[in-house]
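**Student:** Protein chains in written order, with my numbering: chain A, 1371 to 1494; chain B, 215 to 578.
Note that CB positions come from ideal geometry on N, CA and C, so glycine has one too.
Below are the structure tokens for one structure; questions will follow.
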Amino acid sequence: MLVSILRQGDYLLASINAALDDSEMRRFQEALVERIGDERCRGVIIDVAALDVLDSYAAATLGSLADMARLRGAETVVVGVSPEIAFTMVQLGMSIPHVHTALDLEQGLQVLGRLTSPLPPPRP
Amino acid sequence: MSAARPVAPPAGAPAPAELLEIRTIVRRVIASRVRDSHMVDDLVQETLAKVLTAWGRIDPDTAIPYAIATARNVVASTWRHLDTTERNLHRVVDLLPADRPEDAVLDREEGDAVATALTHLPDRDRALLVAHDVEGRELAELARESSTSPGALAAQLKRTRARLRVEYLLAMDHREPPTPQCRPVLLALSGGDRRRQRELDVSGHLLACPYCADLGRPLSQRASDGTSTRIAVGADADVVLARQTGRDVAISLGFSATDGTVIATAISEVTRNIVKFAGTGEVRIGRLQEPARCGLLVVARDAGPGISDVDLALRDGHSTYGGLGLGLPGCRRLMDEFVVESESGRGTTVTMRKWRSTGGPGGR
């Protein structure tokens, strides 16, 4: 299992468990965007701790994934960026625009809680 | 040119005065036709020889006209001969350049050096080297004879060759190594034995000893291109394989985890370009071992369409497929040395080097 997508409350937790190649990355992107609609989620957390590198393609994929999620009404937080990957991304001159980041899952959930104000209660 | 042989004058030889007169006339006839004075002498002699040989058969009254006719014939046949030679001269031109005089000397010097180097090897090692590399016998066969394993012989052969390289360089140099440390250091360098190199502090010695730094250069250069891993690239999954191999090699060379990620990322970028633009290619990942530093070499090569404008491709934000446009320019920032060679229609080669930032070999 390269990627696991679990639902927790209003959020989806997507963990990347292995190094992904480009086509796997693309399939992950499609699957996640689809799940957002299916599960009616308001937020997505993507855990990239197990990803070996975040190169320009992976970063672009995460960036467009966040854009698509936002169009589907969900905010995206990327967590688990290792110090090595952070160093490399900065050296490469790369950032993931429009994507929120947090250190780990716990802080990621806090960020999502702040970003997604609770929906008004349904009318009686 | 046939010179006149002393001819025994036949019966009725001409009187000296008569001969002198004939000679003067012949000379005048020939000199009016031939400019080169040496050739004139030759032809006069030849003509007189012919006239004297025929003396018995000719009427003394017609001797002078006969000599004149002979002289004309001799001159004519000489021209004919020269013409033929000139016409065919190009046929004898040697198209292969003649050996330069110093080549033979250099060859001999090299042969002497190898011979000297061979005498410095232990008898057993020399016998094995000669049996395998000169007589072309199989290791398996030699192993049966000496009742050892082929593997052991191969290891012995490798040590022997390393030793031969050092002895050869020493013999070519004609200088004695300045310190007793030099020979073992060069030997460790030649054999690529990293543990032994650490024990002897090879990098320290090379810094301090100009003799070894000089002699060791070909040895260490040789060692640095001997060890490389090749990954054939043809699909997305190969990108992951290449970058993971690169990281493993980097870590095994003592690079930090961060540098491992940096190197893996750069490999990922260049390998992706192979898959995307050329379809297939290869990535070679190897060790760079120089006396004072150690590093990693990545060569990514394909025979695809090539990059039409390398400068443009190296500019930030230029992407031909909707990426971030950070691939190649990013790699240049990630690695210490970065060279793109590309020819439109002939393929692309990207060569990248990363040097380990601190410490000599075996540090960390």
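Could you give the C-beta distance for leucine 1372 of chain A and glutamate 1394 of chain A, rounded to a whole number, given that I count them as a contact under 8 Å?
**Tutor:** Indeed they touch by this definition, with Cβ atoms about 6 Å apart.
**Student:** Using a Cβ-Cβ cut-off of 8 Å, state whether alanine 366 of chain B counts as contacting chain A.
**Tutor:** For alanine 366 of chain B, the answer is no, since every Cβ of chain A falls outside 8 Å of its Cβ.
**Student:** Determine, using beta-carbon pairs with one atom in the region 450–465 of chain B and one in the region 1435–1448 of chain A, whether at least three such pairs fall under 8 Å.
**Tutor:** The region 450–465 of chain B, when compared against the region 1435–1448 of chain A, does not touch it at the 8 Å Cβ threshold.
**Student:** Reducing DSSP to helix, strand and coil, say where glycine 418 of chain B ends up.
**Tutor:** Of the three classes helix, strand and coil, the one that applies to glycine 418 of chain B here is helix, per DSSP.
**Student:** In the DSSP assignment, the beta strand (DSSP E) including glycine 495 of chain B goes from what residue to what residue?
**Tutor:** Counting along the chain, the beta strand (DSSP E) containing glycine 495 of chain B begins and ends at 495–503.
**Student:** Contact between the region 239–246 of chain B and the region 283–290 of chain B: three or more CB pairs below 8 Å?
**Tutor:** The region 239–246 of chain B vs the region 283–290 of chain B: in contact.
**Student:** Tell me the DSSP secondary structure of methionine 1371 of chain A in three-state form.
**Tutor:** Coil, per DSSP.
**Student:** Return no unless some Cβ of chain A is closer than 8 Å to the Cβ of glycine 544 of chain B.
**Tutor:** Yes, glycine 544 of chain B lies at the interface with chain A (some Cβ there is under 8 Å from its Cβ).
**Student:** Pair every Cβ in the region 357–367 of chain B with every Cβ in the region 316–330 of chain B, then say whether three or more of these pairs are closer than 8 Å.
**Tutor:** No, because fewer than three Cβ pairs between the region 357–367 of chain B and the region 316–330 of chain B fall closer than 8 Å, the two stretches do not touch.
**Student:** By how many angstroms is the C-alpha of arginine 515 of chain B removed from the C-alpha of alanine 562 of chain B?
**Tutor:** Residue 562 of chain B is actually threonine in this sequence, not alanine. Roughly 6 Å separates the two Cα atoms.
**Student:** Figure out for me which residue from B/Leu455, B/Phe491, B/Ile236 has the closest Cα to the Cα of valine 265 of chain B.
**Tutor:** For valine 265 of chain B, the nearest C-alpha among the options comes from B/Ile236.
**Student:** Mind the definition here: the region 493–511 of chain B touches the region 1418–1429 of chain A only if three or more C-beta pairs lie below 8 Å; say whether that holds.
**Tutor:** Verdict: no, contact absent.
**Student:** Mapping DSSP to helix, strand and coil, what is glutamine 395 of chain B?
**Tutor:** Three-state DSSP puts glutamine 395 of chain B in coil, outside helix and strand.
**Student:** Taking beta-carbon pairs under 8 Å, can you tell me which members of the region 467–479 of chain B lie near chain A?
**Tutor:** Residues passing the 8 Å Cβ filter: Ala471, Thr472, Gly474, Thr475, Val476, Ala478, Thr479.
**Student:** Could you name the residues of the same chain whose beta carbon sits closer than 6 Å to that of alanine 402 of chain B, not counting the 5 residues immediately before and after it, in chain order?
**Tutor:** Here the set comprises Arg410, Gln411, Leu414, Val416.
**Student:** Under 8 Å between C-beta atoms, does phenylalanine 1457 of chain A make it to chain B?
**Tutor:** Cβ-Cβ to chain B under 8 Å: yes for phenylalanine 1457 of chain A.
**Student:** Are there three or more Cβ pairs, one per stretch, closer than 8 Å when the region 1431–1439 of chain A is compared with the region 1473–1483 of chain A?
**Tutor:** Because the criterion of three Cβ pairs below 8 Å is not met, the region 1431–1439 of chain A and the region 1473–1483 of chain A do not touch.
**Student:** Less than 8 Å between CB atoms is the rule here; does valine 1414 of chain A satisfy it with respect to chain B?
**Tutor:** No, no contact with chain B.
**Student:** What residue range does the alpha helix (DSSP H) around lysine 264 of chain B cover?
**Tutor:** First-last of the alpha helix (DSSP H) with lysine 264 of chain B: 251–267.
**Student:** Applying the 10 Å Cβ sphere with the 16-neighbour rule, what's the burial state of arginine 560 of chain B?
**Tutor:** Answer is exposed; the Cβ neighbour count stays below 16.
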